[in-house]
Amino acid sequence: DVAASGGYYIATPGRKIVAQSATLTGSIGVITAKAVTQGALAKVAAHRESIRMGANADLYDGDQPWSDGQRALVRGEIERIYALFTDRVAEGRQIERGQLEALCNGRVWSGRQALENGLVDALGDFHVAVDLACEAAGLPADGSVRADAVAQPKGYSVATAAQPPESWLDPGGLRESMRWIGALAIGDWERILGGERIWLIADGLPKI
Numbered sequence: 045d046v047a048a049s050g051g052y053y054i055a056t057p058g059r060k061i062v063a064q065s066a067t068l069t070g071s072i073g074v075i076t077a078k079a080v081t082q083g084a085l086a087k088v089a090a091h092r093e094s095i096r097m098g099a100n101a102d103l104y105d106g107d108q109p110w111s112d113g114q115r116a117l118v119r120g121e122i123e124r125i126y127a128l129f130t131d132r133v134a135e136g137r138q139i140e141r142g143q144l145e146a147l148c149n150g151r152v153w154s155g156r157q158a159l160e161n162g163l164v165d166a167l168g169d170f171h172v173a174v175d176l177a178c179e180a181a182g183l184p185a186d187g188s189v190r191a192d193a194v195a196q197p198k199g200y201s202v203a204t205a206a207q208p209p210e211s212w213l214d215p216g217g218l219r220e221s222m223r224w225i226g227a228l229a230i231g232d233w234e235r236i237l238g239g240e241r242i243w244l245i246a247d248g249l250p251k252i
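Plus 44 on top of the position in the sequence shown (first one is 1) and you've got our numbering.
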């Protein structure tokens with residue numbers, strides 16, 4: 045339901061892109077961050093020690109903020125990826141560079157706005173996308189082509205930690221809680237937050 049940066053990047057080479065009218069489409073932008081967890085770990089008497097071989101091997105380690113040099117390195121990488129991203133969009137959507145910049149820089153659009161701006165080809169749901177795919181493949185678009193659903197892998201979530209204490213005594217709940225604590229201890233933020241609906245919206249846009 046959200047074609048966020050990575051989702052839209054993957055979609056741009058496609059022949060057709062379908063979006064629901066109210067879905068958030070975008071952003072065409074690049075952002076990165078890291079959580080500095082040293083203070084939080086100290087509060088629970090947890091100590092983490094890193095052994096590195098290169099000067100920037102611990103670039104995303106949560107023990108300390110970036111140095112000025114590391115921050116410049118990260119900014120340069122963001123700019124490189126952003127240039128690649130906009131190149132892909134310009135090529136895949138056939139949008140002139142002069143028009144494209146006004147659509148990028150992390151801006152977020154509804155599906156209807158994305159259609160008006162040429163970022164998607166049609167409004168609709170999954171069934172509309174299947175019908176368009178059938179047409180492109182020369183298959184009947186009458187619903188006779190079967191589409192198999194793929195189950196999402198189960199990950200950890202912040203909701204796991206919010207379960208009532210009595211649920212921790214259940215074998216399944218205890219096992220899940222221990223896995224969540226383990227992921228927290230090693231700073232596996234992608235696994236912890238990966239399934240959460242955290243949206244990064246550009247400044248200046250109306251709040252939803």
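Using N, Cα and C, we set each Cβ at its ideal position, and we do this for glycine too.
The structure presented is a predicted model; accordingly, all values stated were derived computationally and were not measured.
For Val152, the enclosing beta strand (DSSP E) begins and ends at Val152 to Ser154. Apart from the 5 residues on each side of it in sequence, Ala229 sits with its Cβ closer than 7 angstroms to the Cβ of Ala90 in its chain, given in chain order. The segment 87-101 makes no contact with the segment 167-185; the number of CB pairs closer than 8 angstroms stays below 3. Remark: C-beta atoms of Ala63 and Ala146 do not approach each other more closely than 8 angstroms.
Distance from the CA of Gln82 to the CA of Arg119, rounded to the nearest whole angstrom, comes to 23 angstroms.
Judged by pairs of C-beta atoms under 8 angstroms, the segment 134-151 touches the segment 64-82, as three or more such pairs exist. Around the C-beta of Ser49, 16 or more other C-beta atoms lie within 10 Å, and the residue is accordingly described as buried. When DSSP reads this structure, Ala166 sits in a beta bridge with Val62. Excluding residues up to 5 positions away in sequence, Ile61, Val62, Ala63, Thr69, Gly155 and Ala158 lie with their Cβ nearer than 7 angstroms to the Cβ of Val164 in the same chain. DSSP, reduced to helix, strand and coil, places Leu68 within a strand of the structure shown.
Looking at the backbone, the Cα of Ala185 and that of Asp175 are separated by about 5 angstroms.
Counting of Cβ neighbours within 10 angstroms places Ala101 among the exposed residues, the total staying below 16.
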